Every structure is written in structure tokens, then in C-alpha cells.
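*Asks:* Residue numbers (the working numbering): 546 to 813.
Ideal placement from N, C-alpha and C gives every residue a C-beta, glycine not left out.
All values reported here derive from a predicted model rather than from experimental measurement.
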């Protein structure tokens, strides 16, 4: 007959302590192994990603370097809701919804817009029976545009903002799909005008030196500026064609932008 062994409280506590210590050492060993495995995977993955183009999207602040500043920006914004995605914006622009047009942009927080005054346009280019290309465009001038004289605009002024599809400028500079601030510059004699497209998030130049067809008129009285978009299809030889976007505005301040080509995309 085996009698049960009675353990004193001190012995029980000592065994429990040894059991916890052994379990703790085992857990620490597993945790250390897991951390080393994750670190190894991260090192391998980042070494591969450095050679891939998608890494440019990690450059959050647009300074050309993926560094601590980008990480801090992500941590600061973690959990917040972002603006609409490009497909959502395309649907909103296609429906001519004023809510698609922001009232301001990060690169120019002091420049306000009135979405009710924005112009919208869209078209679908059918290349083959099973292939098509959609063009969505939005365009508006700043809400306080009438306060700026032609000489002030010529110095370099953000006059408006536009939403453009992926393509290129008339000078061949690539334009990714998204929002752009439209900056106008003119010569001192107000005879020659240029347009620069700036990234609406960072203010970085994307397409510069675009020739602008601008005319001077006597200032007039009007409740707001008038904005317009024109989409043209230019047929080339051998069945090729180009899609072009022209922007126009008429403002009471005396400067008129008359059908200026800012974007194009050609198809063979």
C-alpha cells in the first residue's frame, strides 16, 4: 500500500518556484528564437525591397530618401482615415460631385477652394473591343483669385488645382494620376506665361515650364471665376492618336487662361 506523501508548505513553494523558473527559461528561449527569426526575415525582405520600384511609395514626405522622417510621419498619422482612393475619386469626379474636390491641399494649406465652383469632365477611349482608357479630370481656381493682380500672378502664384490621370505634360514630363497645384508665372511685361504642376501633397515640381495661353483683359465684376475643361482626341497617322486635356479660366482680376494644354497621352 502506497501512502500519499504530505509536503510541507515550504517544499511546495520551493517546487512551484522551480517549476515557474523552468517554464520561464523555456518561454524565454522560444521568444528569443522568434525574435531572431523575425529579424532575419525582415533583413532579407528589406534587402530585396531596396531594389524594387515600389519602395518609392515608402518616401512619405517626398524628399527622395526613405528615412526616420517617413517613419515618424506614419506613426503620427497611424489610425487616422485617409482621403479617398483613386478609384473612389474617379467615381466621384465622373459623377461631378463637389465633395470630390478638397477645400485645401497639404502643400498649400492657406489656399482655399470652393468645390461648388469646380469643373469636372470625363471620357472613355475605346482602343479595342476589349480595351479602354478612362479619363477623369477636375479643375478649380482658388476661391480668392480675384484679389490678385496680373503682376502678382506673374511673380509665381498658385492659381488653382487639378486632378489628372496618368500621362505626361506637353513637354514630355511624366504625370502620375492624382491632384496637382497649378502655379502660373509670367514675364515682367506680362506677355509670356508658363504653368507649373506641383505635387499637391508636398509642393514638389512635377511638370514645369508648360506654355500657357493667357490674355489680359480689363478687370470686370463677377461673383466668381469661371472654369472649364476640354478633352480632345487628336488623330495621328497609322491609327495612332493622342488624348489631350486643356484648362481654361476667366477671372474678374483681368487674367484669362485660354484653352491651355497641360496633359496628354498618346496611343499607338
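Looking only at its chain, what residues have a beta carbon closer than 7 Å to the beta carbon of residue 743, apart from the 5 residues adjacent to it on each side?
*Replies:* Translated into positions along the chain shown, residue 743 becomes position 198. Closer than 7 Å at Cβ, skipping near neighbours: 652, 725, 726, 728, 749, 750, 751.
*Asks:* Any idea what DSSP makes of residue 678, helix, strand or coil?
*Replies:* Residue 678 sits at position 133 when you count from the first residue of the chain shown. Strand at residue 678.
*Asks:* State the Cα-Cα distance for the pair residue 687 and residue 663, rounded to the nearest angstrom.
*Replies:* Sequence index remark: in the chain shown, residue 687 carries index 142 (1-based). Sequence index remark: in the chain shown, residue 663 carries index 118 (1-based). Roughly 10 Å separates the two Cα atoms.
*Asks:* Cα separation between residue 773 and residue 803?
*Replies:* As a working mapping, residue 773 is identified with position 228 in the chain shown. As a working mapping, residue 803 is identified with position 258 in the chain shown. Going by the C-alpha atoms only, they are around 10 Å apart.
*Asks:* Between residue 785 and residue 770, what straight-line distance do the alpha-carbon atoms span, to the nearest angstrom?
*Replies:* Working through the chain shown from its first residue, we reach residue 785 at position 240. Working through the chain shown from its first residue, we reach residue 770 at position 225. Spanning the two alpha carbons is a distance of roughly 36 Å.
*Asks:* Residues bridged to residue 712 by DSSP?
*Replies:* Along the chain shown, read from residue 1 onward, the residue named residue 712 stands at position 167. Beta-bridge partners of residue 712 (DSSP): 720.
*Asks:* Could you give the C-beta distance for residue 660 and residue 646, rounded to a whole number, given that I count them as a contact under 8 Å?
*Replies:* For this step, residue 660 is matched to residue 115 along the chain shown. For this step, residue 646 is matched to residue 101 along the chain shown. Yes, residue 660 and residue 646 are in contact; Cβ-Cβ is about 4 Å, under 8 Å.
*Asks:* Once the 5 residues before and after residue 780 are set aside, which same chain residues still bring their CB inside 8 Å of it?
*Replies:* Here residue 780 refers to the residue found at position 235 of the chain shown. Closer than 8 Å at Cβ, skipping near neighbours: 786.
*Asks:* Per DSSP, residue 788 forms a beta bridge with which residues?
*Replies:* On the chain shown, residue 788 is found 243 positions in, with the first residue counted as 1. When DSSP reads this structure, residue 788 sits in a beta bridge with 778, 810.
*Asks:* CB of residue 709 to nearest heavy atom of the ligand FAD: below 7 Å?
*Replies:* Looking at this structure, you won't find the ligand FAD or any other ligand, since it has none at all.
*Asks:* Return the chain-ordered ranges of every beta strand (DSSP E) run that is complete within the segment 724-749 and spans a minimum of 3 residues.
*Replies:* Within the segment 724-749, complete beta strand (DSSP E) segments of at least 3 residues are found at 738-744, given in chain order.
*Asks:* Name, in chain order, the residues that DSSP records as bridge partners for residue 815.
*Replies:* Coverage of the chain is limited to positions 546 through 813, which leaves residue 815 absent and any answer about it impossible.
*Asks:* When the distance is taken between beta carbons, is residue 685 closer than 8 Å to residue 889?
*Replies:* Nothing can be reported for residue 889: it is not among the residues displayed for the chain, which extend from 546 to 813.
*Asks:* Output yes or no for whether 8 Å exceeds the beta carbon distance between residue 656 and residue 703.
*Replies:* Locating residue 656 in the chain shown gives position 111, counting from the first residue. Locating residue 703 in the chain shown gives position 158, counting from the first residue. Result yes, Cβ atoms of residue 656 and residue 703 sit closer than 8 Å.
*Asks:* With burial defined as no fewer than 16 other Cβ atoms inside 10 Å of the residue's Cβ, what is the status of residue 710: buried or exposed?
*Replies:* Taking the chain shown and counting its residues from 1, one reaches residue 710 at position 165. With 16 or more Cβ atoms within 10 Å of its Cβ, residue 710 is classed as buried.
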